[in-house]
Amino acid sequence: MGRRERQVLLGNEAIAVGLVEGGCQVIAGYPGTPSSEILPSAVKWGKKWSVPMYAEWSTNEKVAFDQAYAAAVVGKRAACCMKQVGLNVACDSLTSATYTGVSGALVVVSCDDPGPHSSQTEQDSRRMAWLAKVPVLDPQSPAQARWLAREALDISHRFSIPVMLRSVTRLSHARQVVEVNGPPPGMILPKASFPRDPCRWAATPRFRFLLHAELNEKLRKMEALSNRYARAFFPSSSTAEYPLGVVASGVPALVARELLEERGFSHVPFLEITMPFPFPRKRGAIFLERCKVVLVLEEPDAFIEVHLQERNKVWGRMTGHVPKEGELLPEILDASLEKALVDAGIKKRARRNRRRDALLQRAMEEAKLPRRRPTLCPGCPHRASFFAIKRAFPKAIYPSDIGCYTLGANLGVVDTVLDMGSGITMASGLYHAFQLDGLKRPIVATMGDSTFYHSGTAALLNAVHTGSRFVLVILDNGVTAMTGMQSTPAWDHGPDGSAAIPIPLERVVRGCGVEFLAICDPYNLEDMVKTLKEAWQYASSPEGSVAVVIARHPCLLHEPKAREIRGPLPKVTDRCKGCRYCLEQFECPALIWDEKGERVTISEGLCSACGVCLLVCPKGAIIRGEDG
Amino acid sequence: MDILLAGVGGQGILFVTSLLAHAASRRGWPVIASETHGMAQRGGTVVSHLRLGRTHVGPLVPLGKADLLLGLNEDEGLRHLGYLKKGGSLLVEEGCGKLGLPSVKAYIAMMKLKAESVPAARKAREIGYPLGANLILVGKAASLGWLPFSQRELEGALRELSRPNLVEKNITSLLLGFSSCETGASTGPCKSSLQS
Chain A
1 MGRRERQVLL
11 GNEAIAVGLV
21 EGGCQVIAGY
31 PGTPSSEILP
41 SAVKWGKKWS
51 VPMYAEWSTN
61 EKVAFDQAYA
71 AAVVGKRAAC
81 CMKQVGLNVA
91 CDSLTSATYT
101 GVSGALVVVS
111 CDDPGPHSSQ
121 TEQDSRRMAW
131 LAKVPVLDPQ
141 SPAQARWLAR
151 EALDISHRFS
161 IPVMLRSVTR
171 LSHARQVVEV
181 NGPPPGMILP
191 KASFPRDPCR
201 WAATPRFRFL
211 LHAELNEKLR
221 KMEALSNRYA
231 RAFFPSSSTA
241 EYPLGVVASG
251 VPALVARELL
261 EERGFSHVPF
271 LEITMPFPFP
281 RKRGAIFLER
291 CKVVLVLEEP
301 DAFIEVHLQE
311 RNKVWGRMTG
321 HVPKEGELLP
331 EILDASLEKA
341 LVDAGIKKRA
351 RRNRRRDALL
361 QRAMEEAKLP
371 RRRPTLCPGC
381 PHRASFFAIK
391 RAFPKAIYPS
401 DIGCYTLGAN
411 LGVVDTVLDM
421 GSGITMASGL
431 YHAFQLDGLK
441 RPIVATMGDS
451 TFYHSGTAAL
461 LNAVHTGSRF
471 VLVILDNGVT
481 AMTGMQSTPA
491 WDHGPDGSAA
501 IPIPLERVVR
511 GCGVEFLAIC
521 DPYNLEDMVK
531 TLKEAWQYAS
541 SPEGSVAVVI
551 ARHPCLLHEP
561 KAREIRGPLP
571 KVTDRCKGCR
581 YCLEQFECPA
591 LIWDEKGERV
601 TISEGLCSAC
611 GVCLLVCPKG
621 AIIRGEDG
Chain B
1001 MDILLAGVGG
1011 QGILFVTSLL
1021 AHAASRRGWP
1031 VIASETHGMA
1041 QRGGTVVSHL
1051 RLGRTHVGPL
1061 VPLGKADLLL
1071 GLNEDEGLRH
1081 LGYLKKGGSL
1091 LVEEGCGKLG
1101 LPSVKAYIAM
1111 MKLKAESVPA
1121 ARKAREIGYP
1131 LGANLILVGK
1141 AASLGWLPFS
1151 QRELEGALRE
1161 LSRPNLVEKN
1171 ITSLLLGFSS
1181 CETGASTGPC
1191 KSSLQS
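Chains as they are written, first to last, in the numbering used here: chain A, 1 to 628; chain B, 1001 to 1196.
Structure (structure tokens):
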């Protein structure tokens, strides 16, 4: 067992430490920024402290939830981790699991992404917890998250209910000095045993009604806990009414206290809420009673704000004191505090230093800072695939999906991105909608390999079954790349290195009823263009159906060695006429515009030697180094 | 002490964040930092916020409060100029000398900033280890007295964090920042980048 030590840990690592210290033995998840580091870190600490654990990257979040839930049903302590939109995928299970409860412990870690930095929505997992009637803990810092992860396991076990630990990007990806103790000496890990109880684990609606009452009773009892977690601060014991109080939770609570202190307003009454659901009604009511108004600071949406009872005393997102969207960066929180302090009459409006702001803006303009947008890496096989698709079907509709390849939007080959799996469902839906009017438009859908395993199969089955006609390109780089190189079901090992049974993509595709399946290497552009055209020919022929092309080439970040075998770096010859075609249509970061020479050069530091640009240049001006 | 590190993906900003956090933690200081991960990392701006020796503060440095801004890339350094407090310190990769632009100079003067640039990328290439540019910058900042750590402390932290095969290269880069790195004169900016 471990000994006391202090380490600088990422918020996600701190959560993992707390889970393992709390006796978590089963952990499942699907990678998604900002949640991805929790699972591998739990594996690491479990190994270090010799805690027998089972860990898996599941095919999707619903599967992950169910894996952990099953373990918790038989008495184990378990956790599943996902990002907020992943929680949507697991929601069906989540809402049902609160009714049945668990016998061991189940912690659902859901990471929100105010901003958003890497997500399609700014949704608030606490609202999902409310919908599913799951108690939720909302830590402020990595150190507190580690402690609350352990608490969450204990609470889950004590009340036989799944508990959500809600994180946000600025917590998951914050680093802090955290105490790491390891599991307590002599920790007893429960043996799996199945308490057969069909009225619970297989409850019919009549029993569901009873379970619902049981759930509500659990939540009522837990309110005492949430009241105990809530910490109110008043500058004095005076019973006089304060002109303004601040209610906050999560990272904004930490930042708001810092800002109030900085401004010399640390005497403003402050209520910190650590467990927003079930809502600490008593603490909230007492705090409100002593303040004329309160400002609520929380992320990413209004939750505490809607739970505070005296609506006319509450300022927040619904009253315009806090922006309704975007991350609560310190300067934005500061502006909200400023507005509240002024509106409450305790402070005069501060004057902005306009001269400084104007000069800063002028400096920025003069420096002509380049606009940077995220882009695919040099040598990324997806870039080659997108280029081939564009060349084969310049006028198609391009539904796409979630992953690195969403950045294909830069190349004009991503028209829609709805959610995981929508590349296929959108393609199928678009086909049927156009078909109604007798219109035939080429539709080329793209989806990554991991996304396909995650939620492509149900979509593809449906598309084939309903007679849709489109080309699906599965961008198979062999890894869940965007989130940091996690495994897919095509791998022969899991996150802890134990053996796994690889299930090749093509077998799954064939199993969905697909007749046309071709595999190509996108680095071989001409071949891929030809294959794509054949695929569409099949899809649009009378006896055709969905055609699938697997564009297979490993992610270069994941298999950097591949670079050494590709040969010498390409170079640009004098044949380059500066037409900028490669820059605009291929957008490789290693292709640099040389202003003086009015032509393109290749950055040796960035180039991966993939050689695809040789095939892209319309003038044939790029050649392999040795050829020159 | 509040530090902001700015650059682009692939420059090793996360490594420098870990290094400084680790050095502070070895001293027993509280540390909280914030990093950029995920999609934003793919070729976009990468920023780390680092708060050393402070308790009960959030993970982000508020605008106008940073003591030190390290720009691993000149443009990204300048982009985050507003984070520096009055009298703060600015150290950027030399780039094309944009620190010498009249309005940038005027802002630096108005805010009483201490500003320096270093040809870290060139120095790193010269020793055949381009990835070491970030550490050259760290060494330089420390030698200017802008970081609260001694050479020995940084070396110790770096040894503990580096992959075994890179320890010596990393140490060499760090020490290069301490010793031989002349500070770039703030001359006029080069034309090509201004037109891009």
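From the three backbone atoms N, C-alpha and C, an ideal C-beta is built for every residue, glycine too.
Model, not experiment: these values are computed from the prediction.
Notebook entry, point to check: CA-CA distance, A:Pro183 and A:Val20?
Noted result: Straight-line Cα distance between these residues: approximately 7 Å.
Checklist line | Helix, strand or coil at A:Cys610 according to DSSP, with G and I counted as helix | finding: coil
Notebook entry, point to check: In chain A, what lies closer than 7 Å to B:Pro1030 by C-beta?
Noted result: Contact of B:Pro1030 with chain A by beta-carbon distance below 7 Å involves Val177.
Next item on the list: On a CA-only basis, which of A:Arg127, A:Trp201, A:Ser172 and A:Leu131 is nearest A:Arg146? Give me that one, please.
Entry: A check of alpha carbon separations from A:Arg146 across A:Arg127, A:Trp201, A:Ser172 and A:Leu131 identifies A:Ser172 as the nearest.
Check: Mind checking A:Thr488: buried by the 16 CB within 10 Å criterion, or exposed?
Finding: By the neighbour-count rule (16 or more Cβ atoms within 10 Å), A:Thr488 is buried.
Item checked: Beta carbon proximity, B:Leu1194 to chain A, threshold 8 Å -> Low confidence applies here, because B:Leu1194 scores a pLDDT of 36, under 50, leaving its location unreliable and the question unanswered by this model.
Next item on the list: State whether the region 420-436 of chain A contacts the region 457-465 of chain A, with contact taken as three or more CB pairs (one from each stretch) at a distance under 8 Å.
Entry: Output reads yes: the region 457-465 of chain A touches the region 420-436 of chain A.
Item checked: Neighbour flag for A:Pro560 against chain B, beta carbons, 8 Å -> Judged by the 8 Å Cβ criterion, A:Pro560 is not in contact with chain B.
Note to self: With a threshold of 8 Å between beta carbons, is B:Ser1150 in contact with chain A?
What the structure shows: no
Checklist line | A:Ala202, buried or exposed, once every other Cβ within 10 Å from all chains shown has been counted against 16 | finding: exposed
Check: First and last residue of the alpha helix (DSSP H) that includes A:Pro330?
Finding: Where A:Pro330 is concerned, the enclosing alpha helix (DSSP H) stretches over Pro330 to Asp343.
Item checked: alpha helix (DSSP H) runs wholly inside the region 1051-1096 of chain B, at least 4 long, in chain order -> Correct list: 1074-1079.
Next item on the list: Say whether chain A places a C-beta atom closer than 8 Å to the C-beta of B:Asp1075.
Entry: yes
Note to self: For A:Glu5, list the residues DSSP reports as bridge partners.
What the structure shows: A:Val180
Next item on the list: May I ask you to list, following chain order, the residues of the region 254-267 of chain A that have a beta carbon less than 9 Å from some beta carbon of chain B?
Entry: Leu254, Val255, Ala256, Arg257, Glu258, Leu259, Glu261 and Glu262
Margin query: Using a Cβ-Cβ distance cut-off of 8 Å, determine whether A:Asp334 contacts chain B.
Written below: yes
Check: Cβ of A:Asp415 within 8 Å of Cβ of A:Ile397?
Finding: yes
Margin query: What does the Cβ neighbour count give for B:Gly1188, buried or exposed, with the cut at 16 atoms within 10 Å?
Written below: Low per-residue confidence applies at B:Gly1188: pLDDT is 42, beneath 50, and the placement is therefore not dependable, though the value from the model is reported in the following sentence. By the neighbour-count rule (16 or more Cβ atoms within 10 Å), B:Gly1188 is not buried but exposed.
Note to self: If we define contact as Cβ-Cβ less than 8 Å, is A:Glu331 a contact residue for chain B?
What the structure shows: yes
Check: Given B:Leu1063, which residues of its chain have a CB within under 8 Å of its CB, disregarding the five upstream and five downstream residues?
Finding: Excluding residues within five positions, the ones whose Cβ falls inside 8 Å are Gly1082 and Tyr1083.
Note to self: Please report whether the beta-carbon of A:Cys613 lies at a distance below 8 Å from any beta-carbon of chain B.
What the structure shows: no
Item checked: Helix, strand or coil at A:Ala621 [DSSP, three-state] -> coil
Next item on the list: Give a yes or no on whether the minimum CB-CB distance between A:Gly605 and chain B is below 8 Å.
Entry: In terms of beta-carbon proximity, A:Gly605 lines the interface with chain B, with at least one pair separated by less than 8 Å.
Next item on the list: In the DSSP assignment, find the unbroken alpha helix (DSSP H) run with A:Ser110 in it and report its ends.
Entry: First-last for A:Ser110: Ala105 to Asp112, but that is the beta strand (DSSP E), not the alpha helix (DSSP H).
Next item on the list: Pull up the distance between the alpha-carbon of A:Ala481 and that of A:Cys555, whole angstroms please.
Entry: 7 Å
Notebook entry, point to check: Is there a Cβ from chain B that is less than 8 Å from the Cβ of A:Glu366?
Noted result: yes
Note to self: With a threshold of 8 Å between beta carbons, is B:Thr1045 in contact with chain A?
What the structure shows: yes
Item checked: Check whether A:Val268 and A:Glu299 have beta carbons under 8 Å apart -> no
Check: What three-state label does DSSP hand A:Tyr581 in the structure shown?
Finding: helix
Margin query: My output table needs one value for A:Trp45: the three-state DSSP class, helix, strand or coil.
Written below: Per DSSP, reduced to three states, the secondary structure at A:Trp45 is helical.
Item checked: Endpoints, the alpha helix (DSSP H) within which A:Ser455 is located -> Asp449 to His465
Check: When burial is assigned at 16 or more other CB atoms within 10 Å of the CB, is A:Asp197 buried or exposed?
Finding: Exposed is the call here.
Item checked: Euclidean distance between Cα positions of A:Ser249 and A:Phe303 -> 10 Å
Item checked: Nearest-angstrom beta carbon gap, A:Trp315 and A:His321 [assumed within contact, 8 Å] -> For A:His321 against A:Trp315, the beta-carbon gap comes to about 4 Å, under 8 Å, which counts as contact.
Next item on the list: Using a Cβ cut-off of 8 Å (strictly closer), state whether B:Tyr1107 contacts chain A.
Entry: Yes, contact with chain A.
Notebook entry, point to check: Are the C-beta atoms of B:Leu1004 and some chain A residue less than 8 Å apart?
Noted result: no
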